[in-house]
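K.L.:
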């Protein structure tokens, strides 16, 4: 059963009408062809109208849409059965909020790493809502070093509401784990491509977010804080989340304008959550292109360029 | 029975006869409430004589503690913040910057300088909490990057004194990227074979902890400083119970293996000087 956000309601209504017309046509031998065509035209127009005028807050809602695909769904679809998940940070435990392993994109072995969210209540808890602990970041680093050792490109898929702010996370050095990843990712001698596929919240996202190419799916967000928490801190109330979403310039197009991300990956008109296969296909094509281009560069220069790329970020006077 | 009896109730001294105590002459310890003269307090490195509470101090005070005869050369003192996002919350970001600059006399949340520590040339980047909570935006990132270049040029030791609530929200995505920018620059310092001392002071949280503050060749801290990634209030809300005593203090962080040593301010220069000597000679 598909879920519809409040601003998607007109789409739901039209889809229901089309369904009804179809059933009526089948049951009563009436020719509903014209009616259905008319409704489908309306649906297309309405979808376009809604999805070309999305506010930043609506994009944030879409990035969290319950029907939106999560990391493993992308990896499994893109690698067509060749993915093998690897577990554990070799220190404390296996973090279920961070997944990774080798898989192949049309014959090219790639290390995939990303935060994993759960699709239902039980799985959401199991995945800790995609909020990794230090061991998650350390697992990610271990896998990146493994990829480097065997000269395989790395793709990270970012989808997290933040690094987990728990007691044990602090004891085991959440800050250090993220800092270490950022530092080590700068020096990796293999191509690194980072894609924000849903939520890109703060240090928790950046902990696997340092690469040669940073991409964002059209309806994802990336910022230093979530709009809700920003609203709570700056306006001292939860109610300014829409305003905060606008002020933070967190959408893919804004982040591209600020030159923080290199490319926006177009989603199907109705959003990635309605057409999974289409977004998997699009992303796979983009990744293959990026890997091919990056693989041509000298490893030392590639790492130096990566450092330079981040050094150029910031506006001062 | 009492020896003295108050005959008139209430305060009877008229306002014009009231004896004024000028501000700033006395210092009252926020922890144990001991009162000393401000002059003695400064002489004691802003540490309470009785309970050894370390008061928060700014970049200038640290420069005076570390650099021989208090002499140093500051870099990029005029570098200040742009407003790339045209950010407005309850106040315009540009107005907030201007007001904070006027109030504190600082241009942003960090100052960088080169001087000698017992004759050993050192570049120090020291954060100021008074400037929007020591928050890290583009200016902090850029000044650290340039300070690292200075240390590489002079082939000398480098130290960051962290004192920050985290990344600056008003520069959003760009603030976040300063974590990457500063960490990337540190790899260049490492390639040059120069030591980086990360000195964590009260408080060091958020984005600063998740980048350069935790990346020192040695990480050191002042006693009793708040050090963590998530703020204590957030952790408390997450776990839904009270936090254990001493959670996220320097001593806690040392115990969990993320600090090399804790040093009292009285011994600060001597200990850091010793570390630099062990690295550089």
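Protein chains in written order, with UniProt numbering: chain C, 1 to 317; chain P, 1 to 281. In this text, a Cβ means the ideal position worked out from N, Cα and C, and glycines have one as well.
If you reduce the DSSP assignment to three classes, tell me which class residue 230 of chain C lands in.
P.N.:
Position 230 of the first chain, counting from 1, holds the residue named residue 230 of chain C. DSSP places residue 230 of chain C in helix when its eight states are reduced to three.
K.L.:
DSSP three-state label for residue 219 of chain P, please.
P.N.:
In the second chain, residue 219 of chain P corresponds to position 219, counting from 1. In this structure, residue 219 of chain P counts as strand in the three-state DSSP scheme.
K.L.:
From C/210, C/154, C/99, pick the residue whose C-alpha is nearest to that of residue 129 of chain C; which is it?
P.N.:
Residue 129 of chain C sits at position 129 when you count from the first residue of the first chain. Nearest option by C-alpha distance: C/99.
K.L.:
Can a CB atom of chain P be found closer than 8 Å to the CB of residue 56 of chain C?
P.N.:
In the first chain, the residue the question calls residue 56 of chain C occupies position 56. So no, residue 56 of chain C is outside the interface.
K.L.:
Tell whether a beta-carbon distance below 8 Å holds between residue 258 of chain P and residue 103 of chain C.
P.N.:
For the purposes of this step, residue 258 of chain P is taken as residue 258 along the second chain, with counting starting at 1. For the purposes of this step, residue 103 of chain C is taken as residue 103 along the first chain, with counting starting at 1. No. Outside cutoff.
K.L.:
Spatial neighbours of residue 148 of chain C within its chain, please: C-beta separation below 7 Å, excluding the five flanking residues on both sides.
P.N.:
Against the first chain, residue 148 of chain C aligns to sequence position 148. Cβ neighbours of residue 148 of chain C beyond the five flanking positions: 188, 189, 190.
K.L.:
Give the residues from the region 175–189 of chain P that approach chain C closer than 8 Å (Cβ to any Cβ), ordered along the chain.
P.N.:
175, 176, 177, 178, 179, 180, 181, 183, 184, 185, 186, 187, 188
K.L.:
Span of the beta strand (DSSP E) holding residue 104 of chain C?
P.N.:
The residue you call residue 104 of chain C lines up with position 104 of the first chain. Residue 104 of chain C: member of the beta strand (DSSP E) spanning 98–105, first to last residue.
K.L.:
Could you tell me whether any Cβ in chain C is nearer than 8 Å to the Cβ of residue 199 of chain P?
P.N.:
As a first step, residue 199 of chain P is located in the second chain; it is residue number 199 there, counting from the start. Taking Cβ atoms only, chain C never reaches closer than 8 Å to residue 199 of chain P, which makes this a no.
K.L.:
Identify whether residue 199 of chain C lies in helix, strand or coil by the three-state DSSP scheme.
P.N.:
On the first chain, residue 199 of chain C is found 199 positions in, with the first residue counted as 1. In this structure, residue 199 of chain C counts as strand in the three-state DSSP scheme.
K.L.:
Please report the Cβ distance between residue 71 of chain C and residue 197 of chain C, rounded to the nearest whole angstrom; I am assuming they are in contact, meaning their Cβ atoms lie under 8 Å.
P.N.:
Counting from one through the first chain, the residue named residue 71 of chain C turns up at place 71. Counting from one through the first chain, the residue named residue 197 of chain C turns up at place 197. With 8 Å as the limit, residue 71 of chain C and residue 197 of chain C qualify as a contact, their Cβ atoms being about 7 Å apart.
K.L.:
For residue 60 of chain C, name the three-state secondary structure that DSSP assigns.
P.N.:
The count along the first chain starts at 1 and reaches residue 60 of chain C at position 60. Note: residue 60 of chain C maps to helix in three-state DSSP.
K.L.:
Determine the chain P residues that contact residue 315 of chain C at a beta-carbon separation under 7 Å, and present them in chain order.
P.N.:
Indexing the first chain from 1 puts residue 315 of chain C at position 315. What residue 315 of chain C touches in chain P: 82, 84, 138, 174.
K.L.:
Below 8 Å CB to CB, which residues in the same chain sit around residue 74 of chain P once its five sequence neighbours on both sides are set aside?
P.N.:
For the purposes of this step, residue 74 of chain P is taken as the residue at position 74 of the second chain. Closer than 8 Å at Cβ, skipping near neighbours: 111, 112, 113.
K.L.:
Does the separation of the CB atoms of residue 65 of chain P and residue 269 of chain P fall below 8 Å?
P.N.:
As a working note, residue 65 of chain P is residue 65 in the second chain. As a working note, residue 269 of chain P is residue 269 in the second chain. Yes, the pair counts as a contact, with Cβ atoms nearer than the cut-off.
K.L.:
Can you round the beta-carbon distance between residue 163 of chain C and residue 204 of chain C to whole angstroms, since I take them to be within the 8 Å contact cut?
P.N.:
Position 163 of the first chain, counting from 1, holds the residue named residue 163 of chain C. Position 204 of the first chain, counting from 1, holds the residue named residue 204 of chain C. That pair is a contact at about 3 Å.
K.L.:
Would you mind sorting residue 281 of chain P into buried or exposed? The rule is 16 or more other CB atoms within 10 Å of its CB.
P.N.:
Start at 1 with the first residue of the second chain, and residue 281 of chain P comes out as number 281. Looking at its Cβ environment, which holds fewer than 16 other Cβ atoms inside 10 Å, residue 281 of chain P is exposed.
K.L.:
From the beta carbon of residue 225 of chain C, is the nearest beta carbon of chain P less than 8 Å away?
P.N.:
The residue you call residue 225 of chain C lines up with position 225 of the first chain. True, the Cβ-Cβ gap to chain P drops below 8 Å.
K.L.:
Mind the definition here: the region 215–224 of chain C touches the region 296–310 of chain C only if three or more C-beta pairs lie below 8 Å; say whether that holds.
P.N.:
no
K.L.:
Mind checking if residue 242 of chain P is an interface residue toward chain C, Cβ cutoff 8 Å exclusive?
P.N.:
As a position in the second chain, residue 242 of chain P is number 242, starting the count at 1. Chain C, which has no Cβ nearer than 8 Å to the Cβ of residue 242 of chain P, makes this no.
K.L.:
Got a sec? Which residues, its chain only, sit under 8 Å from residue 207 of chain C by beta carbon, not counting five neighbours each side?
P.N.:
Along the first chain, one-based indexing puts residue 207 of chain C at 207. Taken in chain order, the residues that qualify are 132, 137, 140, 163, 177, 178, 181, 182.
K.L.:
Taking 8 Å as the threshold, find out whether the region 96–111 of chain P comes into contact with the region 120–131 of chain P through three or more Cβ pairs.
P.N.:
yes
K.L.:
Return no unless some Cβ of chain C is closer than 8 Å to the Cβ of residue 135 of chain P.
P.N.:
For the purposes of this step, residue 135 of chain P is taken as the residue at position 135 of the second chain. So, not an interface residue.
K.L.:
If we cut at 8 Å on Cβ distances, does residue 239 of chain P have a partner in chain C?
P.N.:
Residue mapping note: residue 239 of chain P aligns to position 239 of the second chain, counting from 1. Closer than 8 Å to some Cβ of chain C, the Cβ of residue 239 of chain P qualifies, so yes.
K.L.:
Anything in the region 186–220 of chain C with a Cβ closer than 7 Å to a Cβ of chain P? List those residues in chain order, please.
P.N.:
186, 187, 202, 203, 206, 210
K.L.:
Which of helix, strand or coil does DSSP assign to residue 183 of chain C?
P.N.:
Numbered from its first residue, the first chain carries residue 183 of chain C at position 183. Residue 183 of chain C falls in the helix class under three-state DSSP.
K.L.:
Of all the residues that make up the region 54–78 of chain P, which are near chain C by a beta-carbon distance shorter than 7 Å?
P.N.:
none
K.L.:
Taking the alpha-carbon positions, what's the residue 140 of chain P to residue 299 of chain C distance?
P.N.:
For the purposes of this step, residue 140 of chain P is identified with residue 140 of the second chain, where counting begins at 1. For the purposes of this step, residue 299 of chain C is identified with residue 299 of the first chain, where counting begins at 1. For residue 140 of chain P and residue 299 of chain C, the distance between alpha carbons rounds to 30 Å.
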